[in-house]
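Below is one structure, written out as structure tokens; comments come after it.
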Amino acid sequence: MHESAIAQSLLEIIEQETLPYAGAKVTTLTLRIGKLSGVMPEALTFAFEALSMGSRSEGASLIIEEVPLSIKCNQCGRVHIVDDPFMICPHCEGTDVEMIAGRELEIRNMEIEDGNQGSQTHT
Ligand SMILES: [Zn+2]
Numbered sequence: 254m255h256e257s258a259i260a261q262s263l264l265e266i267i268e269q270e271t272l273p274y275a276g277a278k279v280t281t282l283t284l285r286i287g288k289l290s291g292v293m294p295e296a297l298t299f300a301f302e303a304l305s306m307g308s309r310s311e312g313a314s315l316i317i318e319e320v321p322l323s324i325k326c327n328q329c330g331r332v333h334i335v336d337d338p339f340m341i342c343p344h345c346e347g348t349d350v351e352m353i354a355g356r357e358l359e360i361r362n363m364e365i366e367d368g369n370q371g372s373q374t375h376t
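Numbering-wise (this note's numbering), the sequence shown opens with residue 254 and increments by one.
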């Protein structure tokens with residue numbers, strides 16, 4: 254399953270990032286996921302919850318921000334949010350367009366609790 258592999262790599266990134274904080278627990282994880290990334294948020298949440306058992310991310314709330322697909326037209330300079338990855342400008346019908354958002358799959362923010370200093374935000 255695609256989402257399991259993603260959840261696994263997220264957990265590995267979290268382990269690396271939280272290495273300096275002994276005993277830290279991840280309380281909230283915010284992800285940005287592009288509409289075109291092919292990731293189903295529900296499936297990712299499910300996989301993350303299952304795989305994080307016993308790790309420092311166990312019990313963390315997962316907040317998923319979906320990023321709409323945006324294209325920029327180099328002919329008229331406009332940016333459009335579109336539903337489908339058709340690379341045609343809806344304004345001038347130009348074909349010199351580029352995708353500027355929609356494929357994201359990244360950790361936007363991570364809140365950790367290190368037990369000593371309460372919670373802190375790590376970006
Ligand atoms: Zn255009």
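Cβ atoms here follow ideal geometry from the backbone N, Cα and C, with glycine treated the same way. Everything numeric in this text was worked out from a predicted model, so none of it was measured.
- Around ligand 1, the residues selected by a Cβ distance under 6 Å to any of its heavy atoms are C326, Q328, C329, R331, C342, H344, C345, G347, following chain order.
- Within the same chain, H255 come within 8 Å of G291 by CB-CB distance, once the 5 residues on both sides are set aside.
- If you check the CB distance, E359 and T280 do not come in under 8 Å.
- Counting along the chain, the unbroken beta strand (DSSP E) around I324 starts and ends at 322-326.
- Under DSSP, T281 forms a beta bridge with S314, E364.
- At the C-beta level, A354 and L297 stay beyond 8 Å of one another.
- Residue pairing by DSSP places V292 in no beta bridge whatsoever.
- By the neighbour-count definition (other C-beta atoms within 10 Å, threshold 16), M363 is a buried residue.
- One alpha carbon belongs to P294, the other to R361, and they sit about 15 Å apart.
- For K278, the CB contacts under 6 Å within the same chain, skipping 5 residues up- and downstream, are R309, E366 in chain order.
- If you draw a straight line from the Cα of G287 to the Cα of A275, it is about 32 Å long.
- C329 and D337 have their C-alpha atoms spaced approximately 20 Å apart.
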